[in-house]
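Let me begin by presenting the structure, written as structure tokens, before commenting on it.
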Amino acid sequence: MKTDPALRVRRTLETSRGHGMLEMLVQQEIEALTRLSSYVDEERLAAAAAALSDRRRIFIFARGNAETLAVLMNRRLRRMAFETVLVCGDSRDIAEQILSMGPDDALLVFAFRRQPRAYAPLIERAGKVGAVSVVVSGTVGPSLSPKADHLLAAPRAGDADAFQTLTVPMAICNGLILSMAQSDEVRSLSNLEQLGELIGELEGR
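Using our numbering, the letters of the sequence shown map in sequence onto residues 23 to 227.
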């Protein structure tokens with residue numbers, strides 16, 4: 023069921039009456055994060071991380087608030103010297119950006135309240151060219167179609183028809199990054215050390 027932004031916030035405000043807003047949010051985040059490992063275990067996380075680590079480029083797509091996570095992953099991956107493509111814009115822009123996607127690449131997609139319009143064409147394109155697909159999602163994850171090669175889905179904090187935050191999917195993103203770094207620790211740390219040196223040179227230190 024679709025709910026508009028005003029209705030979601032209104033429901034959250036009604037629920038919070040008589041309680042401190044920050045206290046309520048913290049409690050919801052704690053509960054959601056505590057449940058996270060029940061939905062995304064270490065084996066599933068490691069498999070998705072390994073799939074991304076083995077690829078030449080990583081295409082990243084998100085819509086709405088999830089774009090924050092796409093930007094985060096784009097920056098974190100580039101810091102470890104992965105080549106990334108932030109897929110954004112209208113249908114023409116997206117088509118141009120994924121045209122060169124091939125079997126050595128990966129597609130990382132974020133999808134939460136509902137399936138994004140571009141989701142199916144993107145997953146289908148990845149499958150057609152042999153690129154691996156990884157999806158980070160919430161409760162809508164199991165219903166997404168077509169299925170991705172790897173699905174990391176866990177409920178976010180807050181009621182499904184109310185205000186929800188990105189804390190849980192951000193924890194999944196951080197887990198992915200650290201798992202990718204752990205899978206090839208020497209390479210990851212070497213790239214990060216080189217990054218630090220380059221930043222120092224550019225800043226004149």
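In this text, a Cβ means the ideal position worked out from N, Cα and C, and glycines have one as well.
As the structure is a prediction and not an experimental result, all values here were calculated from the model.
By the DSSP assignment, the alpha helix (DSSP H) with residue i in it spans what residues?
{"i": "residue 74", "result": "64–75"}
{"i": "residue 115", "result": "113–120"}
Compute the Euclidean distance between the alpha carbons of residue i and residue j, then round it to the nearest angstrom.
{"i": "residue 201", "j": "residue 67", "result": "8 Å"}
{"i": "residue 163", "j": "residue 44", "result": "28 Å"}
{"i": "residue 83", "j": "residue 114", "result": "14 Å"}
{"i": "residue 166", "j": "residue 131", "result": "11 Å"}
{"i": "residue 169", "j": "residue 145", "result": "8 Å"}
{"i": "residue 225", "j": "residue 42", "result": "44 Å"}
{"i": "residue 93", "j": "residue 193", "result": "15 Å"}
{"i": "residue 135", "j": "residue 51", "result": "18 Å"}
{"i": "residue 179", "j": "residue 157", "result": "19 Å"}
{"i": "residue 211", "j": "residue 203", "result": "8 Å"}
Do residue j and residue i come within 8 Å of each other at the CB atom, strictly closer than that value?
{"i": "residue 152", "j": "residue 124", "result": "yes"}
{"i": "residue 122", "j": "residue 205", "result": "no"}
{"i": "residue 171", "j": "residue 159", "result": "no"}
{"i": "residue 191", "j": "residue 108", "result": "no"}
{"i": "residue 98", "j": "residue 199", "result": "yes"}
{"i": "residue 126", "j": "residue 85", "result": "no"}
According to DSSP, is residue i part of a helix, a strand, or is it coil?
{"i": "residue 179", "result": "coil"}
{"i": "residue 225", "result": "coil"}
Which whole-angstrom value is the C-beta distance of residue i and residue j, which I expect to be below 8 Å?
{"i": "residue 176", "j": "residue 61", "result": "4 Å"}
{"i": "residue 102", "j": "residue 213", "result": "5 Å"}
{"i": "residue 80", "j": "residue 128", "result": "5 Å"}
Looking at the secondary structure, which residues open and close the beta strand (DSSP E) in which residue i lies?
{"i": "residue 155", "result": "154–159"}
{"i": "residue 107", "result": "105–109"}
{"i": "residue 142", "result": "Per DSSP, residue 142 belongs to no beta strand (DSSP E); it is in the alpha helix (DSSP H), 141–151."}
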